[in-house]
Amino acid sequence: MILLHKINLFYKFCKKINIDKISQLSHNLDVKKRIYLFLIIFILLPLPLYAYEDEVAYVKYVLDGDTIVLEDGRHVRYLGINTPEWQEPFSIKAKRFNKMLVNHRKVRLSFDRQVKDGYGRLLSYVFVDNMMVNARLVEEGLAHAFFIPPNNRYNSLFLELQRKAKRQKKGMWSIYCEHITLKITKLSPQKYDKKRKTSPYMRLVNLSLEPLDIGGYSISNKRGDEYVFPSFILSPGYTVIISSERGKDGYDRRGQLKLHWRALYKAWGPKRGVAILKNPKGQIIGIYKYKGHRIFYKVPHF
1 MILLHKINLF YKFCKKINID KISQLSHNLD VKKRIYLFLI IFILLPLPLY AYEDEVAYVK
61 YVLDGDTIVL EDGRHVRYLG INTPEWQEPF SIKAKRFNKM LVNHRKVRLS FDRQVKDGYG
121 RLLSYVFVDN MMVNARLVEE GLAHAFFIPP NNRYNSLFLE LQRKAKRQKK GMWSIYCEHI
181 TLKITKLSPQ KYDKKRKTSP YMRLVNLSLE PLDIGGYSIS NKRGDEYVFP SFILSPGYTV
241 IISSERGKDG YDRRGQLKLH WRALYKAWGP KRGVAILKNP KGQIIGIYKY KGHRIFYKVP
301 HF
């Protein structure tokens, strides 16, 4: 869709400029140089970063704090934020607040560079009139910044709202102290899924408002299997993936930090398990438990 959009824009651009002048300039150039000239014009052509148009829809019901279902059955995951999971403190309040804002209402869906996630859900900034619901959740301390490249349209806004919510100790920030810098947001221990082409993985997010050196942080299970993070700088609000696949640690072409731990494949079973997150001092800063589809997250008090 984006490629077609670019081609269309380039066509319109060519119609506006004087092609004859370009032909005169390149008349004495050989074929190769003409091709280079064409490519330079195409590359330098200013294009919009967000090529997808906004969409108006109606909300059928609210699944949780950051996910809704539209009348046509499509699921929408709010972009740039993450709300507490079920059984986690403030998860119910986040859902109720989201429901109060959008349930059975007309909303405007505004997209970023990526329209859908791996689950087929729409990724969107959701507006009711001129109010962005994503931002209101962060403002009330019911969501934290959660950035997955290449989407980045409102990153600065979400971090600023999170800064204010933390300072005022709103919502989750009333129990999350400054020591809680990393948080496990996803542990997917299932076996290789041929349909979705994913292997077991874990995702964590930088909850602090500063770049964080994750070197020395560790993840372990109850048996004592442990993975110690290598030294990488993780920007505020951004996530790191620990994959069970083989590969080289580092940032991919989209800007996603990806680490590799082969033992993750056997570290947690498909039905239940516990993941313990520690900081470089050896202090437990998060305990992630799951049983089937139920997730429990505990934040220790310092």
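Heads up: the sequence shown runs through residues 1 to 302, numbered per the working numbering. Don't be surprised by glycine CBs; every beta carbon is placed ideally from N, CA and C.
Sequence-distant residues of the same chain with beta carbon closer than 6 Å to LYS166, five excluded per side: TRP173
Unbroken alpha helix (DSSP H) run spanning LEU264, endpoints: 264-267
Contact under 9 Å by Cβ, LEU101 with ARG74: no
Distance CB(PRO182)-CB(ILE285) smaller than 9 Å: For the record, residue 182 in the displayed sequence is Leu; it is not Pro. It is a contact, given that the beta carbons lie within the stated cut-off.
Bounding residues of the alpha helix (DSSP H) (the contiguous stretch that carries ASN152): First-last for ASN152: undefined, no H or E at that position.
Extent of the continuous alpha helix (DSSP H) run through ASN206: Segment 201-206 is the beta strand (DSSP E) holding ASN206; no alpha helix (DSSP H) there.
LEU234 and LEU264 closer than 9 Å at C-beta: no
Beta-carbon proximity list for ARG163, same chain, < 6 Å, skipping 5 on both sides: LEU209
Cut-off 7 Å between Cβ atoms - residues of its own chain near ALA330, not counting five sequence neighbours on either side: This structure does not reach residue 330, given that the chain is present from 1 up to 302, and the question cannot be answered.
Cβ neighbour criterion (16 or more within 10 Å) applied to HIS293: exposed
Secondary structure, alpha helix (DSSP H): runs of 4+ residues fully inside the region 223-282: 264-267
For ALA143, three-class secondary structure by DSSP: coil
Opening and closing residue of the beta strand (DSSP E) in which ILE92 lies: No beta strand (DSSP E) holds ILE92; the alpha helix (DSSP H) holding it covers 91-102.
First through last residue of the beta strand (DSSP E) which encompasses LEU182: 182-188
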